[in-house]
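S.K.: Note that the sequence shown covers residues 9 to 218 in the numbering used here. For every residue, glycine included, the Cβ atom is placed at its ideal position computed from N, Cα and C. Please read through the structure below; I'll follow up with questions.
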Amino acid sequence: MVTGLAGIAVNLVATWLLSRANRSSLNVEGAFQHILNDLYAFIATTVAGTVVWLTGWSRADAVAALVVAALMLKAGWGLVRDAGRVFMEAAPAGMNPAEIGRRTAALERVVEVHDLHIWEVTSGYAALSAHILVEPGADCHAVRAAAERMVHEEYGIRHTTMQVDHAPAELLTIGETGPHCADPHGPTHRSEADPVGEDGPAAAPRREAG
């Protein structure tokens, strides 16, 4: 019990200090979870010691160990899941590539957005690449700057690689169904003013982007 109480005091301070750090990094989050589970272990040790002391039921220590193991498993699964998203280059949690594609296609002078990919380079560092087609005569640099500003301000994506080109005449023809690229990756997002639209026959075969 004495050891448990001392451990609780030390780990309360350590947990409080780490909770103030930037936990968007998996390294910092892993350290925080480690210290937090140490705190749980000392609390369980103190409770188990109290039960053994007052009742003589020695199995309280084993029960406490199982509870701590379950808490460690929960924390570990969360860290492995988040690390797996980075390794598999999946879209960051809570970020919907389809929504971002639609928002980008809705920008002024944009005709189509395809080859949109969003992935996590490392924890808390999202990256985006896309091919954007704009109306003939539109300022490609201005559209790119507007798209970069939108994804930065609304989704926190700072690192972007955007190829911006003028749309060919056939994409602006009513009823045209041919895609701009021969092999677009993921869904094609069209502006609302386009008669075909994202869900029309020009849409590429769908699969989860990112």
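Could you tell me the distance, in whole angstroms, from the CA atom of E184 to the CA atom of E200?
M.R.: Locating residue 184 in the sequence shown gives position 176, where the first residue counts as 1. Locating residue 200 in the sequence shown gives position 192, where the first residue counts as 1. Note that E184 scores a pLDDT of 49, beneath 50, so its modelled location is shaky and nothing firm can be said.
S.K.: Please identify the residue among H174, R157 and D173 whose C-alpha is closest to the C-alpha of R166.
M.R.: Within the sequence shown, residue 166 is the residue found at index 158, counting from 1. Ranking the options by Cα distance to R166, first place goes to R157.
S.K.: Measuring alpha carbon to alpha carbon, tell me which residue in W61, L115, H174 and H197 is nearest G145.
M.R.: Here the question's residue 145 lines up with position 137 in the sequence shown. Of the listed residues, the one whose Cα sits closest to G145 is H174.
S.K.: Report the rounded CA-to-CA distance for L25 versus N35, giving the unit in angstroms.
M.R.: As a working note, residue 25 is residue 17 in the sequence shown. As a working note, residue 35 is residue 27 in the sequence shown. Approximately 15 Å, taken between the alpha carbons.
S.K.: What runs of the beta strand (DSSP E), each 3 residues or longer, lie entirely inside the stretch 12-77?
M.R.: none
S.K.: Answer with buried or exposed for N30, where buried requires no fewer than 16 other C-beta atoms within 10 angstroms of its C-beta.
M.R.: Within the sequence shown, the letter at position 22 stands for residue 30. Exposed, since its Cβ has fewer than 16 Cβ neighbours within 10 Å.
S.K.: With DSSP collapsed to three states, give me the class of I165.
M.R.: Numbered from 1 along the sequence shown, position 157 holds the residue referred to as residue 165. If DSSP states are grouped into helix, strand and coil, I165 belongs with coil.
S.K.: Which residues bound the alpha helix (DSSP H) around E107?
M.R.: Position 99 of the sequence shown, counting from 1, holds the residue named residue 107. Counting along the chain, the alpha helix (DSSP H) containing E107 begins and ends at P105 to A113.
S.K.: According to DSSP, is M96 helix, strand or coil?
M.R.: Along the sequence shown, read from residue 1 onward, the residue named residue 96 stands at position 88. It is coil, neither helix nor strand.
S.K.: Is V18 buried or exposed, if buried means 16 or more other CB atoms sit within 10 Å of its CB?
M.R.: The count along the sequence shown starts at 1 and reaches residue 18 at position 10. Within a 10 Å sphere around the beta-carbon of V18 sit fewer than 16 other beta-carbons, which makes this residue exposed.
S.K.: Could you tell me how far apart the beta carbons of A134 and M170 are, in whole angstroms, since I believe they sit closer than 8 Å?
M.R.: Locating residue 134 in the sequence shown gives position 126, counting from the first residue. Locating residue 170 in the sequence shown gives position 162, counting from the first residue. With a Cβ gap of about 14 Å, A134 and M170 do not count as contacting.
S.K.: Using 8 Å as the threshold, is the C-beta distance between V172 and E143 below it?
M.R.: In the sequence shown, counting from the first residue as 1, residue 172 sits at position 164. In the sequence shown, counting from the first residue as 1, residue 143 sits at position 135. No, the Cβ-Cβ distance between V172 and E143 is not below 8 Å.
S.K.: Chain B beta carbons: is any one of them nearer than 8 Å to that of H122?
M.R.: Although the question refers to chain B, the structure presented lacks it and comprises just one protein chain.
S.K.: Can you say whether W61 is buried or exposed, counting buried as having 16 or more other CB atoms within 10 angstroms of its CB?
M.R.: Within the sequence shown, numbered from 1, the residue matching residue 61 stands at position 53. Classification for W61: exposed.
S.K.: Buried or exposed, going by whether 16 or more other CB atoms sit within 10 Å of the CB of V151?
M.R.: Counted from its first residue, the sequence shown places residue 151 at position 143. Answer is buried; the Cβ neighbour count reaches 16.
S.K.: Helix, strand or coil for I173? Go by DSSP, reduced to three states.
M.R.: If you number the sequence shown from 1, residue 173 lands on position 165. Per the sequence shown, residue 173 should be read as Asp rather than Ile. Strand, per DSSP.
S.K.: Rank G15, C148 and Q41 by C-alpha distance to the C-alpha of S27 and give the top, closest one.
M.R.: Here residue 27 is taken as the residue at index 19 of the sequence shown, counted from 1. It is Q41 whose Cα lies nearest to the Cα of S27.
S.K.: So, under 8 Å CB-CB, T54 and L87 are touching, yes? Tell me the CB distance rounded to an integer number of Å.
M.R.: By one-based count along the sequence shown, residue 54 stands at place 46. By one-based count along the sequence shown, residue 87 stands at place 79. At roughly 26 Å, the Cβ-Cβ gap does not stay under 8 Å, so T54 and L87 are not in contact.
S.K.: Confirm, please, whether the CB-CB distance from A99 to W65 is below 8 Å.
M.R.: For the purposes of this step, residue 65 is taken as residue 57 along the sequence shown, with counting starting at 1. For the purposes of this step, residue 99 is taken as residue 91 along the sequence shown, with counting starting at 1. Going by C-beta atoms, W65 is not nearer than 8 Å to A99.
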